[in-house]
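Residue numbers (UniProt numbering): 1 to 499.
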């Protein structure tokens with residue numbers, strides 16, 4: 001197998017990278033009809049597999065789980081996840097031959113072995129589905145010509161797919177049909193029904209391509225969604241403690257600060273997030289974010305270049321072949337950071353205090369979101385897709401940090417995202433070393449100013465720059481379709497963690 005994207009001529013590469021259309025709500029009026037009465041078998045019962053399955057069952061679909069005999073015999077986590085939720089469980093040989101639709105929701109590193117195992121068992125004309133196109137795009141897996149191949153990719157960890165569904169909303173979803181595998185022309189109807197079944201149609205669905213999904217997904221998760229949250233968390237915590245802030249308070253400000261700040265982002269974009277700051281703090285956060293963008297832009301561009309060329313995938317797959325030696329080493333090192341090991345204060349932090357004492361956190365979010373968006377668009381990814389892979393997914397990742405810090409984020413995202421997160425984090429920290437020497441408690445740990453007085457002309461200029469960034473224009477249009485979006489109460493999450 002070889003990298004599918006790299007086998008295409010430039011014209012086709014650009015065509016697939018630029019495939020992106022926001023789908024109208026009327027396109028989902030048939031609901032789950034295209035999958036109703038079909039035997040749907042999910043392979044893999046981890047975060048995505050379990051939570052997508054729960055949503056699909058609640059939407060009225062017939063869901064079973066196919067696991068390897070060893071997983072059943074030894075009652076591994078996947079078996080316990082499925083059986084404890086009263087799903088039918090069987091082996092590949094027992095369930096795959098009669099399946100109408102097979103959902104491959106295993107980790108990326110398992111896809112080749114899984115697909116090679118199940119493809120001979122699949123009946124003629126069945127459908128194989130993915131939630132991330134890495135196996136098709138980066139590994140170049142060839143699928144039997146009679147099989148339909150679709151992708152339905154919720155843009156968040158599996159845990160949030162379920163939580164947003166239970167709130168009566170959903171998560172933005174990218175859908176695609178592999179151009180090499182749609183022999184009966186049924187791919188799009190099934191992909192739309194799948195998106196309805198998981199709740200994605202309530203948040204917005206993009207008609208995309210395997211290539212556009214993979215390249216944008218890898219970029220978002222490595223940079224703003226995971227990488228910069230990890231870098232910002234560790235650097236901000238260390239700076240506060242170094243400057244005398246009580247460690248338990250510093251840890252809590254960051255653990256719940258990301259979620260609180262990005263909740264404002266989710267509902268009203270960067271403009272709303274920045275409006276939660278005092279006028280002096282807003283101007284300062286703007287200045288810091290512009291400085292951060294100047295420092296980090298080459299790193300963001302390198303990650304995008306390595307993703308487009310396939311270099312990132314090549315190095316990660318080499319680590320797979322080496323028993324994940326780097327991934328496991330980096331995971332252990334993250335767990336040993338002071339931020340991860342510090343117990344939280346029991347003192348309550350009000351919602352506004354997260355903004356008032358977190359000017360630097362706001363600046364990290366603004367700079368990272370804008371940089372990720374700008375870099376993806378410059379590489380040929382359509383703005384709507386870049387928005388979902390940067391701004392909108394960020395609060396869903398921040399939610400995981402609010403539960404159990406970076407451990408939880410890295411646990412529930414894919415191994416692919418985790419590997420990329422560490423690559424970015426290890427390169428970004430040294431880049432920001434000199435910048436962090438200029439940071440003091442006025443921008444992280446304490447309020448920036450005791451007065452709201454500013455120069456009107458300067459404030460107007462900053463406000464104009466914020467609201468006129470292209471991601472704000474795109475976001476305003478896309479959020480208008482998200483009428484069912486729910487508010488997350490940070491205080492309730494905080495209480496559950498501390499209980």
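For each residue, glycine too, the CB sits at the ideal point set by N, CA and C.
Consult DSSP for residue 208 and reduce its assignment to one of helix, strand or coil. The residue you call residue 208 lines up with position 208 of the chain shown. Correct three-state label for residue 208: coil.
Can you tell me whether DSSP reads residue 381 as helix, strand or coil? If you number the chain shown from 1, residue 381 lands on position 381. It is coil, neither helix nor strand.
Residue-chain proximity (residue 327, chain D), Cβ-Cβ < 8 Å: Protein chains in the displayed structure number just one, and chain D is not present.
Report the three-state DSSP secondary structure of residue 66 (helix, strand or coil). Locating residue 66 in the chain shown gives position 66, counting from the first residue. In the structure shown, residue 66 sits in a strand (DSSP, three-state: E or B).
DSSP-derived helix/strand/coil call for residue 277: In the chain shown, residue 277 corresponds to position 277, counting from 1. Note: residue 277 maps to coil in three-state DSSP.
Cα-Cα separation, residue 166 to residue 256: In the chain shown, the residue the question calls residue 166 occupies position 166. In the chain shown, the residue the question calls residue 256 occupies position 256. So the two alpha carbons sit approximately 22 Å from each other.
Please name the residue in 39, 50, 475, 51 whose C-alpha comes closest to that of residue 266. Here residue 266 corresponds to residue number 266 of the chain shown, with the count starting at 1. Out of 39, 50, 475, 51, 475 has the C-alpha closest to the C-alpha of residue 266.
Since I believe residue 111 is in contact with residue 135 (beta carbons under 8 Å), could you give me their beta-carbon distance rounded to a whole number of angstroms? Within the chain shown, the letter at position 135 stands for residue 135. Within the chain shown, the letter at position 111 stands for residue 111. With a Cβ gap of about 4 Å, residue 135 and residue 111 count as contacting.
Helix, strand or coil for residue 76 per DSSP? For this step, residue 76 is matched to residue 76 along the chain shown. It is coil, neither helix nor strand.
My assumption, with CB atoms under 8 Å, is that residue 154 sits in contact with residue 129. Please give the rounded CB distance. Along the chain shown, read from residue 1 onward, the residue named residue 154 stands at position 154. Along the chain shown, read from residue 1 onward, the residue named residue 129 stands at position 129. 12 Å between Cβ atoms; not a contact.
Would you tell me roughly how many angstroms separate the C-alpha atoms of residue 492 and residue 236, rounded to the nearest one? Taking the chain shown and counting its residues from 1, one reaches residue 492 at position 492. Taking the chain shown and counting its residues from 1, one reaches residue 236 at position 236. Caution applies to residue 492, whose pLDDT of 43 falls short of 50 and renders its modelled position unreliable; the model cannot decide the point.
Would you call the CB atoms of residue 127 and residue 143 closer than 8 Å? The sequence position of residue 127 within the chain shown is 127, counting from 1. The sequence position of residue 143 within the chain shown is 143, counting from 1. For residue 127 and residue 143, no; Cβs fall outside 8 Å.
Enclosing beta strand (DSSP E) for residue 153 [first to last residue]: Position 153 of the chain shown, counted from the first residue, corresponds to residue 153. Run containing residue 153: 148–154, per the beta strand (DSSP E) assignment.
Considering residue 127, what are the terminal residues of the beta strand (DSSP E) in which it resides? Here residue 127 refers to the residue found at position 127 when the chain shown is read from its first residue. Its beta strand (DSSP E) spans residues 127–130.
Please say whether residue 381 and residue 216 have beta carbons closer to each other than 8 Å? Position 216 of the chain shown, counted from the start, is the residue given in the question as residue 216. Position 381 of the chain shown, counted from the start, is the residue given in the question as residue 381. Yes, these two residues count as a Cβ contact at 8 Å.
Between the Cα of residue 470 and the Cα atoms of 384, 364, 214, 340, which residue gives the shortest distance? Position 470 of the chain shown, counted from the start, is the residue given in the question as residue 470. Ranking 384, 364, 214, 340 by Cα distance to residue 470 puts 384 first.
Kindly indicate which residue of 90, 59, 414, 370 has the alpha-carbon position closest to the one of residue 297. As a working mapping, residue 297 is identified with position 297 in the chain shown. The candidate whose alpha carbon is nearest that of residue 297 is 370.
Near residue 289, what residues of its chain come up, given a Cβ to Cβ distance below 6 Å and the 5 sequence neighbours on each side ignored? Residue 289 sits at position 289 when you count from the first residue of the chain shown. Cβ neighbours of residue 289 beyond the five flanking positions: 363, 366, 367.
Taking residue 286 and residue 462 to be in contact with their CB atoms under 8 Å, please state how far apart those CB atoms are, rounded to whole angstroms. The residue you call residue 286 lines up with position 286 of the chain shown. The residue you call residue 462 lines up with position 462 of the chain shown. 5 Å between Cβ atoms; contact.
Neighbourhood of residue 249 by C-beta, 6 Å cutoff - its chain only, sequence neighbours within 5 removed: Residue numbering aside, residue 249 sits at position 249 when the chain shown is read from its first letter. So the qualifying residues of the chain are 345.
Closer than 7 Å: residue 299 CB and nearest the ligand FAD heavy atom: Absence of the ligand FAD from the depicted structure is noted, as is the absence of any ligand whatsoever, leaving it without description.
How is residue 518 classed by DSSP in three states: helix, strand or coil? The structure shown does not extend to residue 518, since the chain is modelled only from 1 through 499, so no value can be given for it.
Starting from the Cα of residue 193, find the closest Cα among 160, 353, 35, 377 and give me that residue. Working through the chain shown from its first residue, we reach residue 193 at position 193. Cα-wise, what sits closest to residue 193 is 35.
Alpha-carbon to alpha-carbon, residue 252 and residue 347: By 1-based counting over the chain shown, the position of residue 347 is 347. By 1-based counting over the chain shown, the position of residue 252 is 252. Cα to Cα, residue 347 sits roughly 9 Å from residue 252.
Buried or exposed (CB count within 10 angstroms, at least 16 for buried), residue 322: The residue you call residue 322 lines up with position 322 of the chain shown. The residue in question, residue 322, is exposed, as its Cβ has fewer than 16 Cβ neighbours within 10 Å.
DSSP state of residue 103 mapped onto helix, strand, coil: Your numbering for residue 103 matches position 103 in the chain shown. Three-state DSSP puts residue 103 in a strand.
DSSP-derived helix/strand/coil call for residue 435: For the purposes of this step, residue 435 is taken as the residue at position 435 of the chain shown. In this structure, residue 435 counts as helix in the three-state DSSP scheme.
Let's see if you can read the secondary structure: which residues bound the alpha helix (DSSP H) around residue 412? Counting from one through the chain shown, the residue named residue 412 turns up at place 412. First-last of the alpha helix (DSSP H) with residue 412: 394–412.
Short check: CB of residue 195 to CB of residue 173, under 8 Å? For the purposes of this step, residue 195 is taken as the residue at position 195 of the chain shown. For the purposes of this step, residue 173 is taken as the residue at position 173 of the chain shown. It is a contact, given that the beta carbons lie within the stated cut-off.
Range covered by the alpha helix (DSSP H) that runs through residue 335: Residue 335 sits at position 335 when you count from the first residue of the chain shown. Per DSSP, residue 335 belongs to the alpha helix (DSSP H) from 325–335.
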